[in-house]
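> The structure's right below; bear with me while I get my questions together.
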Amino acid sequence: MRELRGPHHSDLKLSNHKQSSRLRVILIFVSLMVFAVGIALLPNQRVTANAIRRGPRPTLASPYDRSDRASAQDRAAQAGDQQDQSRNERAVDKDKDDDDDDADLPSFFKGHVDKQEYLRMRGQYIAQLRGLPHGLMYDPRVRAIQRMERAEQRMRQGIEAQSSISSLRWNSIGPAPIPNGGFSFSGRVTAIAVHPTDPSKAYVGTAQGGLYRTLDGGTTWTALMDTAQSLAIGAVAIAPSSPSTVFVGTGEANSSGDSFFGVGLYRIDNADTTPVLNGPFSKDGSNNNLISQNSISQIAVNPADANTIFVSTTAGIGGIGASFPSARPASALFRSTNALSGAVTFTKFPVPVGSVDVDVTDIAMEPGNGNNLLIATEGFDGSNLTGGVFRSTNALSSPTFTRTLAIADFINVKLAINKVSTTVTVLAATGENSGSGTCSTGGVLRRSTDGGQTFSAPITAASGYCAGQCFYDILIGIDPGNSNVIYIGGQANGSCGAALKKSTDGGASFAFSGSLHPDSHAIGIAPSNTSIVYAGNDGGIWRTTNAGGAWTSLNNTGFNATQFQSLALHPSNREFMIGGTQDNGSEFRKTDATWVQSDGGDGGYTLIDQSATDTTNVTMYHTYFNQTNNLIGFARATVANPSGGGWSFFGAQNNGVSCVSNNGIVCSDRVLFYAPMALGPGTPNTVYFGTDRLYRSIDKGSNMIAVSQGPLVANVPVSSIGISPQDDNVRIVGLSNGKVFRTTTGSSTLNDVTGSVTNRYISRAVIDPNNTNTAYVTVSAFGIPLGAHVWKTTNLSAGSPTWTMAGAGIPDVPVNAFVVDKNNSNNLYAGTDIGVFNSTDGGANWTPFGTGLPRVAVFDMAIQNNSRVLRVATHGRGIWEISISSTALFRGKSDFEPDLRTELTFYRDGTWGVLKSSQSFALGSAQFFSWGGAGLPPVVADFDGDGKTDLGFIAPPAGGQSAAYSILKSSTGYSFAPGQVFFSPAGFPALGDTPVVGDFDGDGKADPGIWRASMGIWIIPLSSTNYTTFIFAQWGQQGDVPIVADFDGDEKADLAFYRDGTWGVLKSSQGYSLGSAQFFSWGGVGLPPIVGDFDGDGKADLAYVAPPAGGQSAVYSILKSSTGYSFAPGQVLFVPAGFPSLGDTPVVGDFDGDGKSDPGIWRASQGIWIIPLSSSNFSSFVFAQWGQMGDIAMPNKVSQF
């Protein structure tokens, strides 16, 4: 089997074994068996007895341990027992010297776990989350993305009813970068290409974050491939003859088990100006797949003609064992002769001739001569005949290859090349052991000075450069104009190994090149100025301007490649959060929205006690790795800033002599690498932890008591835990084999309620926060029926709960995260391997949610309810958030498309004129409707719940009947055919009845009500009951201005009035009880009130328009809910509101779609709209001429919600 290893902090690397087709079939079966038994059954390794210690995580260039790989059982003998023995000895030596600084592990546990086993377990865990192995004969992730793209296209066309939510935009909130000890880091960098004539232009590929471009030497970065089908990058190449053309190979080729195989080759045209992404390309002329589902390790472009390129591939993986696609094509060398076309095709060249499946790890092409081509291969068949360096001198015609450097199987090889005058120098860096000298193990360097025809003996000064980890992190580079300048790197600075070393004498001696983050992968030397060098490693991207004398981190805003496992949000503060990452520990976002590293070691699950009432007394939890009989448990901090070393471990740990528990967790339990945790209700929250049984604590984890049978299923660990926020006795757990268990009484005997749930990895178990009888479980898998990735029960307390599929609309893709909106239980969010989906009907239908989120795996999600934002933890692009308040606050208010942006709309005696936001309010987008007439007041709202504005007017009373709302519904195409028009009573103006419209019941549809001023009574028929039930409330008096807005953020309209500067509010969340009344003072006599969500927190802000003074404009004067409606200095927002003498009228709406109200004006005298946009901090505007004197501009009423 393939064995996976890891780099600095936490990556899984591919070691030395390749499968034949028959062996792969066997391994798939074996791996499935191992999967069923659980990772905890893997043999435990002897641990050393280093002293337990705690302390801050080391910052830079520490010698992190990477014990060497070992071959699979039947291949190890063929590879040579002597080599394995030396590897084992080297691993022991490294355990002694390097474990103390290994940031993969918690600081108190270094030296107490076999690193190879550690990385194997993590690889399997990540593979489970990503639905591997799937065994399908096609790439299901690509197919899922295609299905998602079709759904998004339909939504853009307005076909799907739920498309009102499709245009909310995701925003990245970092960390970019991760600060640590005075340095800044990001995620793993895998490939670099520097422009041939401009060293400030570079392209950087990342493990799972896509491709970034800089045009200014790394000061700023732009992501270029966020819409690509794969963000795992293995290679980048610039066409020498056309530097604006960039080729990008997908699939990380560094054997990292937490990255994904690729989808082929992309080409970016106009890469340094206006990039155009083309691809992916992966097929031959007969439409056979040659590349997709493998990883591209290198791309070489013919310097004379960019139509001809060479591409090398290695096996694409996603975990250990058979966690690579069963239908993946064979690895090989490929050539395209139409690489600049719209339909790029490839031809395969097996090297050596007759080989079936050989990893080609690198390519080197002679500068200026595309015929002289060298490739590096890694053999896996045990013959020792396929690995090494092969050379062709006729690569552009009918290439034939000769083996010019023979390397034993299971050895990684990388190349570098330059040409000075007529001398072509080639460097071959390998993972061999030199066998002599002080540094006899862990890396060998050879040189050729004849274009790769012959190679020297190992260069003594370079030996041991990768410290036993060359299978994962080899960096080799040579100055394009000086063969004496060589860069080589690998793991970390140590007695032999180095993150990066440099030679200026052709390899006679090497010296450390500055202090870089460990685990080096890529180097880019600027051809036009070789003093400028870019380096990529597990800590991101770095640059030197003095040829390696000093390095500067380029991990800044805009470069975000962090691989998160989890997140946890504070119950009331929007910014306070923690998140676990792979490679970079657990991160803490402070109340000022800045990030710091909170704790070292691999970060798993994270939790924040939801009973916290402030940000100074907060209890937080996170997991490290877990391993049976070695380490099982979690860390806890109770300080406001957990980055100061305030974490304490609770659980079972092996001290080198025995495994001891300090809180009741049993050391011999079977457990996942990242064991699941959850919180229940209470103050403090109860704490739950899952192994092969469920544990519970009422004292913040100090004592954990088993509250299930143990084990639930022999040798099968718990994979997810769900606890009802309403009742701590209602619990549900999912297992890694697809089983589901439950109690609704707090019993310590849980019942198997799996029923019809798909028997695959249960990634999430969630109980409806408003209904203990409703629960969901999600499945992380490919290759299961559509709809079966989410399951729902509405009778959890029954003897045998009934589960139904509740994932219609989600493609065949793993669902890794899930949340139920506590403000509306029908509103669900699912995080998948390709993005986020939303259901507004309790799971009956799902659609893609939001725009702007890269095609990256989402591993966790949560709602910060006070601010009404949804945040997701992505595995490769950091944390992203999206406002979910505007789905209710702006639904249907002059939004005709719908895109959650307000249109420019006028009403003129029954004629409606609309300029569309999606067309930048261009006159060419104008749309007109006829409905109403002179003297009939218009109404705009979404009465049918499709997210689009419905057209209404108020017809006066007739024949003793009430006035009437007369509504044309967008869902019927604004038809006024019989039966299509919606009518509802609108009261009697003679009694002081005023129409009031809002979503009072939270069903996504506007409710048409009235406010009777003469009695101060509100009468609201509710759409959720087909207008058969009503809200009756007495609130306000004659002369008040009725206001409909959401002041408590529950996405239901509240009842409010404005009376000469006094605001009175009855909250929907309190059942409109008089006891819940809240009063504010803001404004005054004759100052018209305005409401809007100007700060984007999902709650109404209070505003009035102050009249002009001293020749200045009128002014919006706004008290923001996010400041507690404070009018202290600096808290009030002031925005110009025009000149009433010119006919300026306030208009408020979300015109830029950022979830915040924009305070604008409509100048009736000129028919001009002037809207300052909140997304630019009111520095940019919408200017449009639309309408004329006498028109009614909309929306301009108080009832903006």
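Here the numbering used here = 1-based position in the sequence shown + 528.
The C-beta atom is built at its ideal place from N, Cα and C for all residues, glycine as well.
Which of the three DSSP states, helix, strand or coil, is assigned to residue 1714?
Here residue 1714 corresponds to residue number 1186 of the sequence shown, with the count starting at 1. Coil.
> Does the segment 1292 to 1307 come into contact with the segment 1332 to 1347, if we say contact requires no fewer than three beta-carbon pairs (one atom in each stretch) closer than 8 Å?
yes
> Looking only at C-alpha atoms, which of 1140, 1269, 724, 1151 sits nearest to residue 1126?
Walking along the sequence shown from the start, residue 1126 turns up at place 598. Checking every option, the nearest Cα to that of residue 1126 belongs to 1151.
> Suppose the cutoff is 6 Å on Cβ atoms and the five residues either side in sequence are ignored; what does the same chain contact list for residue 1262 look like?
Here residue 1262 is taken as the residue at index 734 of the sequence shown, counted from 1. Hits under 6 Å: 1247, 1248, 1268, 1290, 1293, 1305.
> Quick one, which of 1653, 860, 1639 has its alpha-carbon nearest residue 1607's?
Locating residue 1607 in the sequence shown gives position 1079, counting from the first residue. The option with the nearest alpha carbon to residue 1607 is 1653.
> DSSP puts residue 1202 in a beta bridge; with which residues?
For the purposes of this step, residue 1202 is taken as residue 674 along the sequence shown, with counting starting at 1. For residue 1202, which the question treats as bridged, DSSP gives no partner whatsoever.
> Could you pull out every residue in the same chain whose Cβ sits closer than 6 Å to the Cβ of residue 1477, ignoring the five residues on either side in sequence?
Counting from 1 along the sequence shown, the entry for residue 1477 is found at position 949. Hits under 6 Å: 1420, 1422, 1423, 1424, 1468.
> Pairs of beta-carbons, one from the segment 1567 to 1576 and one from the segment 1524 to 1533, closer than 8 Å: are there three or more?
yes
> What separation, rounded to the nearest whole angstrom, lies between the Cα atoms of residue 528 and residue 1630?
Any question about residue 528 goes unanswered here, given that the chain covers just 529 to 1729.
> Please classify residue 832 as buried or exposed, where buried requires at least 16 other C-beta atoms within 10 Å of its C-beta.
Counting from 1 along the sequence shown, the entry for residue 832 is found at position 304. Residue 832 is exposed by the Cβ-count criterion.
> Report buried or exposed for residue 838, applying the criterion of at least 16 other Cβ atoms within 10 angstroms of its Cβ.
Locating residue 838 in the sequence shown gives position 310, where the first residue counts as 1. Buried is the call here.
> I think residue 782 touches residue 1000, with their Cβ atoms under 8 Å apart; what is that distance to the nearest whole Å?
For this step, residue 782 is matched to residue 254 along the sequence shown. For this step, residue 1000 is matched to residue 472 along the sequence shown. About 6 Å; that satisfies the 8 Å criterion.
> Of all the CB atoms in chain C, is at least one closer than 7 Å to the CB of residue 1296?
Checking the listed chains, one finds no chain C in this structure; it contains a single protein chain.
> What is the DSSP secondary structure of residue 1673, reduced to helix, strand or coil?
For the purposes of this step, residue 1673 is identified with residue 1145 of the sequence shown, where counting begins at 1. Of the three classes helix, strand and coil, the one that applies to residue 1673 here is strand, per DSSP.
> DSSP state of residue 934, grouped into three classes?
Locating residue 934 in the sequence shown gives position 406, counting from the first residue. If DSSP states are grouped into helix, strand and coil, residue 934 belongs with the strands.
> Within the chosen definition, does the segment 1317 to 1327 reach the segment 1497 to 1508 through at least 3 CB pairs nearer than 8 Å?
no
> CA-CA distance, residue 496 and residue 1702?
Examination of residue 496 is not possible in this model, given that the chain is present from 529 through 1729 alone.
> Are the beta-carbon atoms belonging to residue 1068 and residue 1401 less than 7 Å from one another?
Within the sequence shown, the letter at position 540 stands for residue 1068. Within the sequence shown, the letter at position 873 stands for residue 1401. Not closer than 7 Å, so no.
> Quick check: the segment 1057 to 1066 against the segment 981 to 999, are at least 3 beta-carbon pairs closer than 8 Å?
No: fewer than three Cβ pairs fall under 8 Å.
> Grab me the residues of residue 1288's own chain with a C-beta within less than 6 Å of its C-beta, minus the 5 sequence neighbours each way, in chain order.
For the purposes of this step, residue 1288 is taken as residue 760 along the sequence shown, with counting starting at 1. Only 1266, 1307, 1309 meet the Cβ criterion.
> Can you have a look at residue 1602 and say buried or exposed, based on whether 16 or more other CB atoms are within 10 angstroms of its CB?
Position 1074 of the sequence shown, counted from the first residue, corresponds to residue 1602. Answer is exposed; the Cβ neighbour count stays below 16.
> Which value, in whole angstroms, describes the spacing of the CA atoms of residue 1715 and residue 1496?
Along the sequence shown, one-based indexing puts residue 1715 at 1187. Along the sequence shown, one-based indexing puts residue 1496 at 968. Cα-Cα distance, rounded: 22 Å.
> Near residue 1099, what residues of its chain come up, given a Cβ to Cβ distance below 7 Å and the 5 sequence neighbours on each side ignored?
Taking the first residue of the sequence shown as 1, we reach residue 1099 at position 571. Once the five neighbours on either side are set aside, the close Cβ partners of residue 1099 are 1138, 1140.
> Just to confirm before moving on: does the CB-CB distance between residue 1688 and residue 1696 stay below 7 Å?
Taking the sequence shown and counting its residues from 1, the one referred to as residue 1688 is at position 1160. Taking the sequence shown and counting its residues from 1, the one referred to as residue 1696 is at position 1168. The answer is no: Cβ separation not under 7 Å.
> Does the contact criterion of 3 or more C-beta pairs under 8 Å hold for the segment 743 to 750 versus the segment 808 to 827?
With the cut-off at 8 Å, the segment 743 to 750 and the segment 808 to 827 do not touch.
> To the nearest angstrom, how far is the alpha carbon of residue 1040 from that of residue 1030?
As a first step, residue 1040 must be located in the sequence shown, where it is residue number 512. As a first step, residue 1030 must be located in the sequence shown, where it is residue number 502. One C-alpha to the other measures close to 6 Å.
> Tell me, to the nearest whole angstrom, how far the beta carbon of residue 696 is from that of residue 1378; I am working on the premise that it is less than 8 Å.
The residue labelled residue 696 in the question sits at position 168 within the sequence shown. The residue labelled residue 1378 in the question sits at position 850 within the sequence shown. The Cβ separation is near 5 Å, so the contact holds.
> Taking 8 Å as the cut-off, does the segment 1536 to 1554 touch the segment 1512 to 1522 (at least 3 CB pairs, one atom from each stretch)?
yes
> Pair every Cβ in the segment 1625 to 1639 with every Cβ in the segment 1662 to 1681, then say whether three or more of these pairs are closer than 8 Å.
yes
> Grab the span of the beta strand (DSSP E) containing residue 1000 for me, first residue to last.
By one-based count along the sequence shown, residue 1000 stands at place 472. Taken as a continuous stretch (DSSP letters only), residue 1000 belongs to no beta strand (DSSP E), as it is neither H nor E.
> Work out the CA separation of residue 1546 and residue 1160 for me, nearest whole Å.
Translated into positions along the sequence shown, residue 1160 becomes position 632. Translated into positions along the sequence shown, residue 1546 becomes position 1018. Distance between the alpha carbons of residue 1160 and residue 1546 is about 58 Å.
> What first and last residue would you give for the beta strand (DSSP E) that runs through residue 712?
Here the question's residue 712 lines up with position 184 in the sequence shown. Residues 711 to 713.
> Would you decide whether residue 1722 is buried or exposed? Buried here means 16 or more other CB atoms lie within 10 Å of its CB.
Indexing the sequence shown from 1 puts residue 1722 at position 1194. Buried: at least 16 other Cβ atoms inside 10 Å.
> Thinking C-alpha only, which one of 843, 1511, 818, 1104 is nearest residue 825?
The sequence position of residue 825 within the sequence shown is 297, counting from 1. Of the candidates 843, 1511, 818, 1104, the one whose C-alpha sits nearest the C-alpha of residue 825 is 843.
> So, at 7 Å on beta carbons, what are the nonlocal neighbours of residue 1556 in its own chain, with the 5 sequence-adjacent residues on each side left out?
The residue given as residue 1556 occupies position 1028 in the sequence shown. Correct list: empty, nothing qualifies.
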